[in-house]
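Down below is the structure, laid out as structure tokens.
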Amino acid sequence: MKDLNVIFLILALIAEIIGTIGGFGSSVFFVPLGNFYFDFHSVLGLTALFHLSSNLSKIFLFKKGLDKKLLVNIGLPSVVFVIVGGLLSKTIQTTYLEIILGVFLVGFSLLFIIRRNLEIAPNKRNAILGGSLSGFSAGLLGTGGAIRGLTMAAFNLDKSVFIATSAFIDLMIDSSRTFVYYQNGYLHGHDLKYVPFLLVIGLLGSFLGKKILAFIPQSRFRRMSLAFILLIGLTTIGKLVFNF
1436 MKDLNVIFLI LALIAEIIGT IGGFGSSVFF VPLGNFYFDF HSVLGLTALF HLSSNLSKIF
1496 LFKKGLDKKL LVNIGLPSVV FVIVGGLLSK TIQTTYLEII LGVFLVGFSL LFIIRRNLEI
1556 APNKRNAILG GSLSGFSAGL LGTGGAIRGL TMAAFNLDKS VFIATSAFID LMIDSSRTFV
1616 YYQNGYLHGH DLKYVPFLLV IGLLGSFLGK KILAFIPQSR FRRMSLAFIL LIGLTTIGKL
1676 VFNF
């Protein structure tokens, strides 16, 4: 336990708090931050385990109600495509995956910083498409919450329903990809020492995020979250360029 990286655990807690408040989930922050401390495949494995605790906590804390229609339209295609993405992650060189992740984060954040009023029609087709893309991204890159959050935002849900439904869908995704990542050999024995701490952080971060959310307007914090995502994306790309 003496080799435990405390800074990484602190950053994981911050990622969980911001992910809860912003509605995107912690993986959009946790995955790129984790890449500074672990190899990409290890980060995928740790993210899946971390999210199991995180999403169970959110379901419990924001249990005012689940949108069953969205759960089916977004959740089922997410589960199918997270398996596809998880299987493909083993065949694609990790450097390329990190580049894709960095570009995705930069592109996503810039799009919604520049076009604040961008809207998506809240229909079944877009729900299924958003679920498929978010699941595929979660399996391949370790993070799909941004795409799913964007899709669900189009339905103008109450905060608690939004977060609870998103967390339930995320739980379905994580249960599926944890098995795939295990089969791929991404769950390494030397990383398991972090799991108990990440489970506690998932609960604590969700709890603190809920408390803070009550005092911060979602629209204002959304801009802060997007700016943070942009910074992480640029840093991820910059790290790859520097190493190259």
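This note's numbering numbers the first residue of the sequence shown as 1436 and each following residue consecutively.
Just so it is clear, CB atoms sit at the ideal spot from N, CA and C, and this is done for glycine as well.
These numbers come from a predicted model, not from an experiment.
With contacts defined by Cβ atoms closer than 8 Å, residue 1603 and residue 1506 form a contacting pair.
Distance from the CA atom of residue 1481 to the CA atom of residue 1664, rounded to whole angstroms, is 20 Å. In the structure shown, residue 1595 adopts helical secondary structure according to DSSP, grouped into three states.
In this model, residue 1632 and residue 1489 are separated by some 12 Å (Cα to Cα). CA-to-CA, the gap between residue 1595 and residue 1637 works out to about 17 Å. Judged by DSSP secondary structure, residue 1449 falls within the alpha helix (DSSP H) whose first and last residues are 1441-1457. Annotation for residue 1468: 1443, 1446, 1447, 1450 and 1667 place their beta carbon closer than 8 Å to its own, counting only its chain and skipping 5 residues before and after. For residue 1509, the closest C-alpha among the options 1570, 1473 and 1645 is that of 1570. According to the DSSP assignment, residue 1559 belongs to the alpha helix (DSSP H) that extends over 1559-1576. Between the alpha carbons of residue 1635 and residue 1642 lies a gap of roughly 11 Å.
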